[in-house]
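J.: Numbering (our numbering), first residue to last: -5 to 319. Idealized CB from N, CA, C, for every residue including glycine. All values reported here derive from a predicted model rather than from experimental measurement.
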Ligand code: DGY
């Protein structure tokens, strides 16, 4: 039998994706349930033909040069701020991501955080478990109204638009800010495109859905938080560094905004000092895409992309298609 190509998977992904890879390639994998260190990554991929990467792997020019056989990197995530796209494009190495298959799961989680923080679900749950609840009271756990409120979507791409569409059942007014107009969203939910400052000033819920890029790093900072209503809530399921987390802690502590629901953090797995002590924040461990169907679909899409790249074909969801010129 002709020599099989070798691929490396930087951490275990759902079996559906691994099975596809194993049909064609010799697959080796980081068997430990933790990200690889940089030296471990460099050693593991030195002699393989393709790599399935995670958002916790930094893939830059140094990695690419240290693994000259690699025909492509398939990221198991829609976000790809962990990949140096310019370095790959300069070397004509294709990169891929996993859009679409996690859109609804991520938007659903943004809603879960919105509801949890506005209706104080986690705080209430803690009181019940503690045995301290003394019975119904008229002033207990008063939270924010959702039905009829104004939802501000920063970044009306796939996930932001899905979150906006799901607001229809709650009769919300939808504002969005984006470099591009989303006419379908305007038609479907009557969304209004506004400047970021207007969105911040008018929204009861501000949900972040832009990718992490130099332009969006700390887009939400002490100054922009002050532009929000004191009764408003911030939701972030995109990438942690889009929010200045220390400034957010201060804003939550001093009542600049009412609360926040966060799935992502500036320096994962760490959190800013004081964040976890605040009652007006709901914090989850970067799990927005973590549903059975989404994660299976991410695994099979990433695997199909990797197979294509190793076999010299264009992957379905290529990040840098210009290399095919
Ligand atoms: C992504 O895909 O970018 C998420 O952060 C993880 O699923």
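Exposed or buried, what is residue 309 when buried is set at 16 or more other beta-carbons lying within 10 Å of its beta-carbon?
T.: Answer is buried; the Cβ neighbour count reaches 16.
J.: In terms of alpha-carbon separation, which member of 306, 252, 220 and 124 lies closest to residue 229?
T.: Of the listed residues, the one whose Cα sits closest to residue 229 is 252.
J.: Cutting at 7 Å between CB atoms, please list the residues of its own chain near residue 63, excluding the five before and the five after it.
T.: Closer than 7 Å at Cβ, skipping near neighbours: 41, 42 and 43.
J.: With respect to 6 Å, is the separation between the Cβ of residue 283 and the closest non-hydrogen atom of the ligand DGY below this value?
T.: At least one heavy atom of the ligand DGY is nearer than 6 Å to the Cβ of residue 283, so yes.
J.: Over the uninterrupted beta strand (DSSP E) stretch that includes residue 402, give me the two end residues.
T.: Since the first and last residues shown for the chain are -5 and 319, residue 402 lies out of range.
J.: Can you find a heavy atom of the ligand DGY that lies under 6 Å from the Cβ of residue 72?
T.: Yes, the Cβ of residue 72 comes within 6 Å of a heavy atom of the ligand DGY.
J.: Considering only their Cβ atoms, is the gap separating residue 141 from residue 164 smaller than 7 Å?
T.: A contact, by the Cβ cut-off of 7 Å.
J.: By the three-class DSSP mapping on this structure, what secondary structure does residue 47 have?
T.: DSSP places residue 47 in strand when its eight states are reduced to three.
J.: Report buried or exposed for residue 105, applying the criterion of at least 16 other Cβ atoms within 10 angstroms of its Cβ.
T.: Buried, because 16 or more other Cβ atoms sit within 10 Å of the Cβ of residue 105.
J.: List the endpoints of the continuous alpha helix (DSSP H) containing residue 153.
T.: Its alpha helix (DSSP H) spans residues 152 to 159.
J.: Look at residue 138 and residue 112 and say whether their C-beta atoms are less than 7 Å apart.
T.: Cβ atoms of residue 138 and residue 112: closer than 7 Å.
J.: With distances taken between CB atoms, is the gap from residue 232 to residue 203 smaller than 7 Å?
T.: A contact, by the Cβ cut-off of 7 Å.
J.: Can you tell me the Cα-Cα spacing of residue 59 and residue 116, whole angstroms?
T.: C-alpha separation (whole angstroms): 47 Å.
J.: What is the residue span of the beta strand (DSSP E) that residue 230 lies within?
T.: Residues 227 to 230.
J.: Quick check on the DSSP output: the alpha helix (DSSP H) that includes residue 234 runs from which residue to which?
T.: Residue 234 -> no alpha helix (DSSP H), and no H or E assigned at all.
J.: Residues in the same chain with beta-carbon distance under 6 Å from residue 186, minus the five sequence neighbours each way, listed in chain order, please.
T.: For residue 186, where only same-chain residues beyond five positions count, the Cβ hits under 6 Å are 169.
J.: Sort 238, 273, 250 and 53 by Cα distance to residue 261 and report the nearest one.
T.: Checking every option, the nearest Cα to that of residue 261 belongs to 238.
J.: When you compare only the Cα positions, how much space is there between residue 119 and residue 125?
T.: Spanning the two alpha carbons is a distance of roughly 10 Å.
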